[in-house]
Amino acid sequence: MLSFSRPAARSILMRRLLAALILMLLSWPAAAKDELVIGISQFPANFNPLIESMLAKSYVLAFAQRPITVYDAKWQLVCLLCETLPTLENGLAKREGKGMAVTYTLRADARWADGKPVGSADVVFAWQVGRHPQSGVASAEAFRRITWIDVKDARTFTVHVDRQTFDYNAFGDLGPLPAHVERARFEPAPGEYRNRTAYDQDTTNPGLYNGPYRIAQVVQGSHVVLERNAYWAGAKPAFARIVIKVIENTASLEANLLSGGIDMIAGELGLPLEPTLAFEKRHGGRFSVITRPSLAYEHIDLNLGSPVLADVRVRRALLLALDRDAMTRQLFDGREPVANSMVPQLDWVHADDIPKYAFDTAKAAALLDEAGWKPGPGGIRVNARGERLALDLVTTAGNRSRELVAQVLQAQWRKAGVELKVKTEPPRVLFGETVTRRKFAHMAMFAWYSAPENVPRSTLHSAMIPAAANNWSGENYSGYANPAMDALIDAVETELDRPRRKALWREIQALYAADLPALPLYFKADGFILPRELKGLEPTGHQDPTPYWVENWRWE
Amino acid sequence: MRAGATILILLALAMALAPLLLPDPEALDLSVRFAPPALLHPLGTDELGRDLAARLLAGGRVSLAVAAATALLAAIIGTVIGLVAGYRGGFTDAALMRLTDGVMALPLLPLLIVLAAADPAKLGLGAEVLNSEGFAIARLALIIAAVGWTTVARLVRASALTVRSRDYVRAAVAVGATPGRIMIRHILPNVASPIVVATTLSIGNIILIESALSFLGLGIRPPMASWGNMLTGAMDVVWSAPALAVWPGGAILLAVLAFNLLGDGLQRRLDPRGGQTSQKAGG
Amino acid sequence: MGVTILSRLLQSLAVLVAMSFVVYGLMGLMPGDPIDLMIAGNPHLNAADAVRLKALYGLDRPWTERWLRWLAQVGQGELGYSRLHARPVMAAMIPALVNTAILMASSLLLALVVALPLGILASLRPGSVLDRLVNLVSVASVSLPVFWLGLMLIVVFAVELAWLPAGGMAEVTGGGRLAHMILPVATLALSGIGQYARHMRAAMIAEAGHDYIRTARAKGCSPARVVIRHQLRNALIPVTTIVALEVGGLFSGALITETVFAWPGMGRLIYEAVMGNDFNLALSGLLLATAMTLVGSILADIAYVRLDPRVRTP
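Chains as they are written, first to last, in this note's numbering: chain V, 1 to 556; chain D, 1001 to 1283; chain P, 2001 to 2314.
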C-alpha cells in the first residue's frame, strides 16, 4: 500500500538519487583531484622567510606564509594579512616630521596553523630579528627604516618610519614571524639564529605557517609536500595537498609533465620561454600555456666610461640598428614586448610619449657618420684615428635565450658596421665581479627584476655608481651621471600625490630614452604550463608569486 | 682498429672540406629556424637558422682540439713524472707515486667543477689573453690534464723500472751519460708504445668529459661551438627539434668510439701485454 | 701487513689534508659570491647588506685563515653548519648519501650481473663473432655521453611509451620506488657494463695463457670445470680490485645522472655546495668521496693479497 500511495515521492527520490549520482560522476574527477603536483627547477635550500632570499623559497613559502601586503596581478598594492590598506586618504597613514606613521590592523581570523592567532607581537618580533645585525637577515633595509613600532592592541600596531616615500604602505618584507615558536630560538643567541630557526630545524612545525597551506613534509632535493592549514579562515583551497617537485634539468622537467609525473610547471621557476612556446605548439590541446610579460627588464648596460660609448650618438645608432621587433617576433613569437625604457607597459606609471628607436639603418648610419665612424675595410666602421668600431658584450652563460640573442645582436650590428665580440660568463662571475665592479669593457646584457613602480635610484642615480671608494655599492653599472636624473629620482621618491608622481615618472622615462645609459631590449615573459582543468591561476608578472592567491585555484 | 682509423680520417676530411662546401657556420638567418634537411642545408638548420652540418663540423674541430691538446698535455706531464720516478727510484719514486695515488683518489668530476669554476682573471693574466679563443681551449685542456696524467705516469714508471736495469742502460750510465740523456735517448723509446696506446684511449674519454662539463655550463662556452655545448643547447628544445640533439650526440659517440677502437687496435699491435687503461669519467 | 695498512692510512690522511687545502683555495679563486648574486636577484637588497652578510658568514676573511680554522674544527670532529641548508653538515649529507648508495649499489650490481657473463663468454672464443660483438657493444657503451643517454631513455620509456616515471625518487606517497630507479640505474649501469665486460674478458684471456690451466686441461678436467674452477676464480681477482677502486669514485661521480633524473644524491649536493660557496658542506662531501676512493684502493690491495695465493706466500 505504502508503495502505491507514494509513487510520486519515490520517483522524486529516485530522480534525486540519479541526479546526485550523475552530479557525482561529473564532478568525480574534480573530487578525486585532491593533490596537485607542481614542477619547479630549483630546490629551496632553507625555509626561513627572512634569511637569504631565493626564488624557490619565496615560491614555496607563498603557499604557507602570508605577508601583510603584496602587489596583486593588476599590480595594485593589496592587504593579505591586514584589514585595510593604510593610506593618507583614509587617515591610517600620517606624516610625522620627516617620517611617517602607518597603522595596520591584522585580520582577526589570521591564525598560525597550530591555532595561535597572528598578532602584533609577531610583527614586532620580525622587526627585532630583522634589524639585529647578526641575525643573518638578507634584506635589512626595510627594517632599518623603521624607527619604532607602537603596539595598540593584539592586532593593531603603528609603524614609524624615518622617511616619506610613496610606497610607505608596502610592507612586503616584514612578514610576521611566529614569536611563540621562534622567540626562544632567537633571543638566547641571535648570532646563531640562522642555524637554529625552526623553519630549518623543525620545518613541519605547523606553528610556523599562517597561509592556506603548511609545509607537511620536506624531502631534501626532491620535493616539498604542503597540506591544508586547519585553522585557515579564508576561502578553502581546492587541493588537500600540493606537492612541489624539483627537477633542475629543463628537458627532464618537460618530460615529467608529459609523462604525468607533475601536473603543471610554475612560470616563476619553470621552463625558459622558448621551450615553453615549442611545448605550446605540440601540446597546446592538452595543456593551457600562459605567457605573460613580466617586469623583468632585459637590457644592455653600456659602460659610459669607454670613449666610444660616451658619445650619445653612438648609443642611439646602436639601438636604431637593432630590429628588436623582428627579434622578439622570430625568437619569442612576439611574447616579449619591446622595451622603450625600464618601465613596463603594465606599470601604471608607464609613459608612451617618450623617444623611441624603431629599426632604421639609414638613421643609424647617419648618426655613426656624424660621430666620426666611417665605413672601413671589411665593412667595419673606423674613426679618424683608424680604430675599428669593435665592442665587447658580456652576458650570462647557461642562459640559452640570452646566448642566442647575443648572436643575433652580433649579426645585426655587423650589418651596421659594428663588430661585436660576445663573451659569456657564469652568473656568479658576471654579477659577482664583472658588472658589480664595472669590469666590462663596453656592454653587459642581463635583466633587472624589480617591483611595480620601482624607483631606479640604485641603477640610475649618480651616487650609486659602484667604485672602490663606496665599497662597490650601488647598481649604476653604466656609470650614468646626470644631475637632472638625480633630481627627478629624489623628487619621485617622496612625491605622494599620484598625478604629480606620474608626471615625474614620464620625465624619468623620457630622459632615460634620450640619454640611453642602457639599451632597452624587451620585457621577459614567464611561461606557465597548466593542466586545462586548473582555473583561477593568474600570473602576476612581478616578484610576488602566484601562490599568494592559491585559494582561488580551482579544478574544473 | 681499421674501422676506428677510417672513421677518424673521414671526420678529419669532412672538417677540412667543410668550409669549402658548406655555408658559414656563424651565418644566421632567423627566417629559417629549425629548417628540415634540404640541399642547401644537408642536416637542416638550428635554432638561429644556422647550418647544422657546418656547425657540427666547426664544433668538432673545437672538441677534437680540446681533446688532442689535453691528451698531449697529460701525456707529457705523465711521462715526465713517470720517467723521473721510475729512473730515480728511492725517495723520489715514493713521493711521486704517492702524489699519483693521491690525484687518482680525487673525485674527478667535482674536482673538475671546482677547477673549471675558478677564475683565471685572479691569476693576473691580461684581458687580451683571457678573451682569446685559444685560451678557452688551453684552459680546459690544462684543467682536465691536471687530473688526467696519472695513467700515463704509472705506465711509464713501470716500464722505466724494468728498462732501467737493462744492460744498454747500464752501459750508458757507465760511459757517463747524463740522467736526462739516458731518460730521453734510452728509456723513452722503450716506453713510447704504452704512452701512445694510453693517450689514444684517453682522447675518447676527454671528449666525454668536455661534453659533461659543457652540460654543467663549465666547458667551452657559446658563441664558440663544441659538440658538448651544442648538445647542451639542444637539450632545451629536444622535444621540438630532436635532430639538434641527435646529431652532436651521434658525433660524440662516433668520435669516441673511433678513438677507443683505434686505441684497442694499437694496444694489440704495440703493447699486447699492456693493462687496461681506459677509464670512465663518471656519470 | 698491519704496518702496511697503517702507513697507507696515514698517507691517505695526508692526501685528504692536502686535498682540502687545494679545494679551499680553488673555491676561494671562484669569482663572485652567492651573497653578491642575491643582490642581483632581489631589488630590496643593497651592497651594505652584502658586506654585513659576508662578515657574518666569515666570507670576508682570507681563505687561508678560514681553512686553518676549518681544519682545527674538523680535527675536533665538528664538521660545522652548512651555510646553504642552515643545518649541520651531517644532517644535510646523510639523506643524499643514502640515496646515492641505493643508486650505486643497484647499478653496480646490475652492471656486474650483465658484464661478467658477457666478458666470460667473449673470452672463451677470442676473435669469434660473439667476442667482436661484445667488444663493440662494450666500447660503444663507454663512448656515450651520459646525459644524452639518460635523456634518450627518458624520451623513449617515460614520454613515448609511458612505462616508467621520468624522474624523482618515488611517488610522494613513497610508492613506486622501484619504477623510479629503473631508468637512472640503467643509465649508470650501461656505462659500467662495457667497462667491466672488457676487464673480465682481458683477465680471463690472461689467465688462459697460464701453465696451470694447460696442466688442468692435460689432466683431463672438463672444459667447463677448468673455466669455472681455475680460470674464472683467478680472473676475478683483478676484476675485484678494479671494482673496489671504482666504488669510491662512484659516490661523487653520478652528478650528471642525478641531474637528469632529479635524484637527490651526493653528486648534486657537492655540486651545489661548490657553486654556492658552502665551504663546510663542499669540503665534507669532497673529502668523504676522496676517503671512499682511498679506502676502496686499500680494500682492493687487501683483497688482492687475500684472494691471490701467489701474493700471500711470497
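Glycine included, C-beta positions come from ideal geometry on N, C-alpha and C. Fair warning: this is a prediction, and the values are worked out from it, not measured in the lab.
Just checking: is the beta-carbon of residue i within a distance shorter than 8 Å of some beta-carbon in chain V?
i, result
"R2087 (chain P)", "yes"
"G2167 (chain P)", "yes"
"Y2081 (chain P)", "yes"
"F2279 (chain P)", "no"
Let's test the definition: count the other Cβ atoms within 10 Å of the Cβ of residue i and tell me whether it reaches 16, buried, or not, exposed.
i, result
"G2058 (chain P)", "exposed"
"I1113 (chain D)", "buried"
"L1020 (chain D)", "exposed"
"F279 (chain V)", "buried"
"K281 (chain V)", "exposed"
"Y480 (chain V)", "buried"
"W553 (chain V)", "buried"
"N470 (chain V)", "exposed"
"I2065 (chain P)", "Contrary to the premise, residue 2065 (chain P) reads as Glu rather than Ile in this sequence. It counts as exposed."
"L1218 (chain D)", "buried"
"D2049 (chain P)", "buried"
"N2234 (chain P)", "buried"
"G2127 (chain P)", "exposed"
"A1095 (chain D)", "exposed"
"I2228 (chain P)", "exposed"
"L25 (chain V)", "Summary for L25 (chain V): the model assigns pLDDT 48, below 50, so the residue's position carries little reliability; its value from the coordinates is reported in the next sentence. Exposed, by the Cβ-count rule."
"A30 (chain V)", "Residue confidence for A30 (chain V) is low, a pLDDT of 43 falling below 50, so the modelled location carries little weight and cannot support an answer."
"F1091 (chain D)", "exposed"
"N90 (chain V)", "exposed"
Using beta carbons (cut-off 8 Å, strictly below), is residue i in contact with chain D?
i, result
"E551 (chain V)", "no"
"K557 (chain V)", "There is no way to answer for residue 557 (chain V), as the model of chain V reaches only from 1 to 556."
"A31 (chain V)", "Note that A31 (chain V) scores 47 on pLDDT, short of 50, meaning its location in the model is unreliable; the coordinates nonetheless yield the value given after this. So no, A31 (chain V) is outside the interface."
"Q2231 (chain P)", "no"
"W2063 (chain P)", "no"
"M2019 (chain P)", "yes"
"S2106 (chain P)", "no"
"R438 (chain V)", "no"
"M24 (chain V)", "Residue placement at M24 (chain V) is poorly supported in this model, since its pLDDT is 49, which falls under 50; the coordinates still yield a value, given next. For M24 (chain V), the answer is no, since every Cβ of chain D falls outside 8 Å of its Cβ."
"K116 (chain V)", "no"
"L2147 (chain P)", "It should be noted that the sequence gives Phe, not Leu, for residue 2147 (chain P). Interface residue, yes."
Does the beta-carbon distance from residue i to residue j come in below 8 Å?
i, j, result
"V394 (chain V)", "L430 (chain V)", "yes"
"A2018 (chain P)", "G1044 (chain D)", "no"
"H2230 (chain P)", "I2242 (chain P)", "no"
"L92 (chain V)", "P86 (chain V)", "yes"
"D325 (chain V)", "F359 (chain V)", "yes"
"L2294 (chain P)", "S2012 (chain P)", "yes"
"G1263 (chain D)", "T1162 (chain D)", "no"
"L1115 (chain D)", "A1141 (chain D)", "no"
Quick one: what's got a C-beta closer than 6 Å to residue i's C-beta in the same chain, skipping five residues either side?
i, result
"E556 (chain V)", "E533, K535"
Looking only at its chain, what residues have a beta carbon closer than 8 Å to the beta carbon of residue i, apart from the 5 residues adjacent to it on each side?
i, result
"H442 (chain V)", "L302, N303, S306, V308, L309, L391, D392, L393"
"Y2081 (chain P)", "R2087, P2088, V2089, N2280"
For my contact list, residue i and residue j are in at a C-beta cut-off of 8 Å; report their separation, rounded to the angstrom.
i, j, result
"G1059 (chain D)", "A1225 (chain D)", "4 Å"
"G1082 (chain D)", "V1152 (chain D)", "6 Å"
Hey, is residue i's beta-carbon within less than 8 Å of any beta-carbon in chain P?
i, result
"L511 (chain V)", "no"
"I247 (chain V)", "yes"
"A1105 (chain D)", "yes"
"N471 (chain V)", "yes"
"S27 (chain V)", "Here the model assigns S27 (chain V) a pLDDT of 45, short of 50, so the residue's position is not dependable, and the following value carries that caveat. Taking Cβ atoms only, chain P never reaches closer than 8 Å to S27 (chain V), which makes this a no."
"R1098 (chain D)", "yes"
"N210 (chain V)", "no"
Going along the chain, which residues of its own chain have a beta-carbon closer than 7 Å to the beta-carbon of residue i, five neighbours each way excluded?
i, result
"V455 (chain V)", "I489, V492, E493"
"L269 (chain V)", "I40, S41, Q42, L55, A56, Y59"
"W127 (chain V)", "F143, I146, I149, L174"
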